[in-house]
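According to my numbering, the residues represented by the sequence shown are 2 to 341, in order. Positions of the beta carbon are idealized from the N, C-alpha and C atoms, including for glycine.
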Amino acid sequence: MKSLFNLRLLLLIVCAAAIAACQSAQKNEETTSVNSTQAVALNEDFLKKLELPRTVVYIGLDKPKDTTVAATKIAPPAGMVYVPGGIVQVGSDEGLAQERPSFWAKVTPFLMDTHPVTVAEFRKFVEATGFKTEAETFGNAGIIDETTDQQWILKDGATWHHPLGPDFPPAPDNHPVTQVSWNDANAYAKWAGKRLPCEIEWEHAARNAQNSRNIYSWGNDIQTNGQYNANIWQGKFPVKNSNEDGFLYTSPVGTFGKTPLGLTDMSGNVWEWQSNWKFNYEALFRTPAQDSDLGTERAERGGSFLCEPSWCHGYRVSGRSSSTPETSLFHVGFRCAKDI
Ligand SMILES: [Ca+2]
Ligand SMILES: [Ca+2]
2 MKSLFNLRLL
12 LLIVCAAAIA
22 ACQSAQKNEE
32 TTSVNSTQAV
42 ALNEDFLKKL
52 ELPRTVVYIG
62 LDKPKDTTVA
72 ATKIAPPAGM
82 VYVPGGIVQV
92 GSDEGLAQER
102 PSFWAKVTPF
112 LMDTHPVTVA
122 EFRKFVEATG
132 FKTEAETFGN
142 AGIIDETTDQ
152 QWILKDGATW
162 HHPLGPDFPP
172 APDNHPVTQV
182 SWNDANAYAK
192 WAGKRLPCEI
202 EWEHAARNAQ
212 NSRNIYSWGN
222 DIQTNGQYNA
232 NIWQGKFPVK
242 NSNEDGFLYT
252 SPVGTFGKTP
262 LGLTDMSGNV
272 WEWQSNWKFN
282 YEALFRTPAQ
292 DSDLGTERAE
302 RGGSFLCEPS
312 WCHGYRVSGR
322 SSSTPETSLF
332 HVGFRCAKDI
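Following this line, the structure appears as C-alpha cells:
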C-alpha cells in the first residue's frame, strides 16, 4: 500500500503543480498555433476517441452553417433543468492555453441537474446499494487546509461524509458531496438513471444555451452590489482566505442564486467531474493527434472554493481542470445530465 500511497500523493502534487502551471501559462503563453482563418480539417479519429454523448452533433473551427436544432422541449423532472439545444463557441481565445483554440459546437437539448449532487442525495445511493467509494477503499483522500501548512496531503479517513477527515465535522446534508472519484460519480449517475455531462454540454449550459460570451453565467463581475455571486477564495491563495463570501469550504447548494437557465453553483463551490478526458482542444484540428492530446485525466468544470483569480480563475465558464479517475478531493463533486 505504501507505493500506492506515494503514487497517489505524487498525483496530488502533480495536480497542484498543474494549477501553478496554468498560472504561469496565463502570463507567458504565446498565441496558439491554430489559426482560425485557415481551413483546418477536423480530426475525426481523435473526435471518436472522446466518446462524446450523442447530443453533440457538430464540432468545427467555424460556426456551423445550419444553426437549427430540433425543439423537443419537455417538462424536466424534479431537480433537473431543461437545457435547450443550440450552437456554442466552446473555450476562450483570451483564456488559458488549455481553453484555446475556441471552437464551435452544436448541441441538441438535454437535461441537467439543477445543482451538484448533495451529501444527502449521495447517502441515499450508498444506503440503497452499499456502495463503497474509492476514498473509503484507499483509506484516505486529498485535502488542503490550515493544518496542512497549505500543502495538499492525503488525509487518513477523509471520505464523502467527513471530507476533511474524522477529526473535523461531518459534511452537511445540503452541501455538494465531495471526496468522490470520477468512478464513484459514474456509479451514482448510473444508479440514478443519468450520466455525467461532457465539457461541451456543461459550457453550453453555463453560457445559458445562448452562447453568452460573458465571463460568468450571470455576467462579467464576480460581485453584484457588493455581494459575491459564487463561493470562491478571497485573499492570497493558499496563504490566507479572508472569507468575504462567508464560506471557507463548501456551501449549501443554491446559496449564490440561479443562472438565467435555472442552474446553481456553476461557478465556485466545487469543481464538477465531466464525462470526457481533458483533451487538448488543438488536437481536434491537428493530424495526427498525440497520445498526450487525449490525456490521462478526466475533465472538471466550474471552479471551487479554492479558486482565486490571480492563481486559478477556474470558475469562468471556459475554465477547466482535471484529475485522474480514481482521485478524490475535498473540492471536487459532480452533477448529472440526462438524455431526452
Ligand atoms: Ca469562499
Ligand atoms: Ca462549481
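| Query | Result |
| --- | --- |
| Would you list the residues sitting across from residue 265 in a DSSP beta bridge? | 259 |
| Count the other CB atoms, across all protein chains shown, that sit within 10 Å of the CB of residue 270; report buried if there are 16 or more and exposed otherwise. | buried |
| Distance check for residue 282 and residue 216, CA to CA, integer angstroms please. | 19 Å |
| Is residue 43 close to ligand 1? I mean its beta-carbon at under 8 Å from any heavy atom of the ligand. | no |
| At 3 residues or longer, what runs of the beta strand (DSSP E) sit wholly inside the segment 217-297? | 272-278 |
| Apart from the five residues on each side of it in sequence, which residues of its chain come closer than 6 Å, Cβ to Cβ, to residue 298? | 279, 323, 324 and 325 |
| Consider the C-beta atom of residue 247 and the heavy atoms of ligand 1; say whether any pair is separated by less than 8 Å. | yes |
| Exposed or buried, what is residue 55 when buried is set at 16 or more other beta-carbons lying within 10 Å of its beta-carbon? | exposed |
| Return helix, strand or coil for residue 46, following the three-state DSSP convention. | helix |
| Below 6 Å CB to CB, which residues in the same chain sit around residue 259 once its five sequence neighbours on both sides are set aside? | 265 |
| Could you name each continuous beta strand (DSSP E) segment of 3 residues or more that falls completely within the segment 53-107, going from the start of the chain to the end? | 57-61, 81-84 and 87-91 |
| Going by DSSP in three states, residue 185 sits in which element: helix, strand or coil? | helix |
| Using the three-state DSSP reduction, which class does residue 214 fall into: helix, strand or coil? | coil |
| Are three or more beta carbon pairs between the segment 75-86 and the segment 109-121 nearer than 8 Å? | yes |
| May I ask you to report which of helix, strand or coil DSSP gives residue 118? | coil |
| Where are the beta strand (DSSP E) runs, 3 residues long or more, that stay fully inside the segment 317-341, in chain order? | 321-324 and 338-340 |
| Output needed for residue 317: all residues of its chain with C-beta closer than 6 Å, excluding positions within five of it in sequence on either side, in chain order. | 216 |
| Taking the straight line between their C-alpha atoms, what separation do you get for residue 214 and residue 51? | 25 Å |
| Out of 314, 303 and 309, which one is the CA nearest neighbour of residue 334? | 303 |
| Pull up the DSSP beta-bridge partners for residue 144, would you. | 154 |
| If residue 248 and residue 189 are in contact, beta carbons under 8 Å, what's the gap, nearest whole angstrom? | Actually they are not in contact, since the Cβ atoms of residue 248 and residue 189 sit about 24 Å apart, beyond 8 Å. |
| Under the three-state reduction of DSSP, which class applies to residue 129: helix, strand or coil? | helix |
| Flag residue 266 as yes when its Cβ comes closer than 8 Å to any non-hydrogen atom of ligand 2, and as no otherwise. | yes |
| Using the beta-carbon count (16 or more within 10 Å), is residue 42 buried or exposed? | exposed |
| Grouping DSSP H, G and I as helix and E and B as strand, with all else coil, what is residue 196? | strand |
| Does the distance from the CB of residue 123 to the CB of residue 181 come in under 9 Å? | yes |
| By the 10 Å Cβ neighbour count, where 16 or more other Cβ atoms means buried, how is residue 221 classified, buried or exposed? | exposed |
| Tell me the DSSP secondary structure of residue 137 in three-state form. | helix |
| Just how far apart, CA to CA, sit residue 108 and residue 336? | 18 Å |
| Which two residues bound the contiguous beta strand (DSSP E) that contains residue 300? | 299-302 |
| Can you tell me whether residue 329 is buried or exposed? The criterion is at least 16 other CB atoms within 10 Å of its CB, across all chains shown. | buried |
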